[in-house]
Amino acid sequence: MDVWQEEQLHALQTVQCEHQLFSLLVLLARPLNFDYCAYGLRMPLPLTHPKTALFNNYPATWQRRYQEQRYIAVDPTVQHGMRSLSSVLWSDGLFAPQRAFWEEARSFGLAVGWAQACRNVNGVRGMLTLARSGEALSAAELQDKGFKMAWLAQAAHLGMSRLLAPKLLPEAGGQLSDREIEVLRWTGDGKTSGEIADILHIAERTVNFHINNAMVKLHVANKTAAVIWAATPGRGSGRCAGHSRRSGDDAARGDSTCPCFVEERRAWRIPAGDGALHGWRSAAVVGATSQAPYRFPRTGIGCAGTW
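What follows is the structure, encoded as structure tokens:
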């Protein structure tokens, strides 16, 4: 890891307030020639109305307008982040379905922008947007700064997740045993307590005990809510969902055979090998594609997830 990466990651991981962290993101964006910065985080639960947090330093009038008109529901960059694994450049083509929205944003000086969605193994999603009012982003500038922009998105999501997840979804910190998770997942498959008891070769009352114990740990009112929590990727005893039936903790620490590591490696086009997170990733940006070396620590976060 380069010195600037270590310094950024350390700074973003040591601040103790999400507002201070965002202020730091604004400062880190300026050397990249961006005046504006926005970050949004979305929790995986509740399913009907996931909890979110939004930060930006856009002009105050535009912030009010965006909120009053509920533009987040039609913002093409947000929609892109919900379905794509690539970063995106603001362009006339991207905003074609919402031309009035695009023209209004530009009237507030938001004419040039780049956004990158992120997702960690716990299903927490985020997106970093860098914007300015001046010169358009050229292919040469993307080639020169694209790696640092992507790294900043990665580090920002890591830091914001650390600070916001416990506040937005306190029950996410509940640590269930492997047996409790297993029982909940069988329940999610539609099995009755009696059927689960037969499958796991335990007493039916033991199955009910595990379900009730999980509900208490998660601070939920019913079995359905507990099942949904257990089914969320990355939930459980501090390991990724793919580890629920694996013994040992080596894989959870970044073993190259770990399912979540394999998924991250695939997303970043990292070659298989000894698990070192470095390799070549296509800097797939809408409107510009280039090849650049990407090196990341084993954070469990890939800036290629969905918003």
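Residue numbers (the UniProt record's numbering): 1 to 307.
For each residue, glycine too, the CB sits at the ideal point set by N, CA and C.
Everything numeric in this text was worked out from a predicted model, so none of it was measured.
For residue i and residue j, I'd like the C-alpha separation in whole angstroms.
| i | j | result |
| --- | --- | --- |
| G134 | A111 | 7 Å |
| K148 | L32 | 8 Å |
| R162 | L54 | 15 Å |
| T77 | L41 | 14 Å |
| F209 | M215 | 10 Å |
| Q116 | I211 | 39 Å |
| A140 | N120 | 30 Å |
| W151 | Q69 | 32 Å |
| E204 | Q175 | 23 Å |
| A226 | L218 | 7 Å |
| T224 | G188 | 8 Å |
| L130 | S177 | 41 Å |
| S86 | V207 | 43 Å |
| T14 | A197 | 46 Å |
| Q20 | H201 | 52 Å |
| R65 | F22 | 21 Å |
| Q154 | C118 | 7 Å |
| D12 | G159 | As written in the sequence, residue 12 is Leu, which differs from the Asp given in the question. Rounded to the nearest angstrom, the two C-alpha atoms are 6 Å apart. |
| E182 | T48 | 24 Å |
| G113 | W90 | 5 Å |
| T61 | S193 | 56 Å |
| Y36 | E180 | 45 Å |
| L184 | Q63 | 42 Å |
| Q67 | W229 | 30 Å |
| T52 | W186 | 30 Å |
| P44 | A105 | 29 Å |
Exposed or buried, what is residue i when buried is set at 16 or more other beta-carbons lying within 10 Å of its beta-carbon?
| i | result |
| --- | --- |
| P46 | exposed |
| A100 | exposed |
| A156 | buried |
| S107 | exposed |
| N222 | exposed |
| M127 | buried |
| L25 | buried |
| G238 | With a pLDDT of only 40 at G238, under 50, the local geometry of the prediction cannot be trusted, and no value is derived from it. |
| P166 | exposed |
| A73 | exposed |
| Q8 | buried |
| A29 | buried |
| R125 | buried |
| A136 | exposed |
| R132 | buried |
| G81 | buried |
| L142 | buried |
| residue 310 | A question about residue 310 goes unanswered here, because the residues of the chain that appear run from 1 up to 307. |
| G190 | exposed |
| L164 | buried |
Could you tell me the boundaries of the beta strand (DSSP E) in which residue i lies?
| i | result |
| --- | --- |
| N120 | 112-120 |
| C126 | The amino acid at residue 126 is misidentified as Cys; the sequence shows Gly. 125-132 is the extent of the beta strand (DSSP E) around G126. |
| F55 | 52-56 |
| L41 | 36-42 |
Which residue comes first and which comes last in the alpha helix (DSSP H) that contains residue i?
| i | result |
| --- | --- |
| R64 | 60-68 |
| W151 | 139-168 |
| R30 | Where R30 is concerned, there is no enclosing alpha helix (DSSP H), given that its DSSP letter is neither H nor E. |
| S107 | 99-107 |
| P46 | Taken as a continuous stretch (DSSP letters only), P46 belongs to no alpha helix (DSSP H), as it is neither H nor E. |
| F95 | Here F95 belongs to no alpha helix (DSSP H), and DSSP marks it neither H nor E. |
| L200 | 193-200 |
| G188 | 178-188 |
| V216 | 204-218 |
| V74 | It is not in any alpha helix (DSSP H) - V74 carries neither H nor E in the DSSP assignment. |
| E136 | Looking at the sequence provided, one finds Ala at residue 136 rather than Glu. First-last for A136: undefined, no H or E at that position. |
| V227 | 223-231 |
(request) Specify whether the segment 60-78 and the segment 89-99 touch according to this definition: at least 3 beta carbon pairs, one from each stretch, less than 8 Å apart. (result) yes
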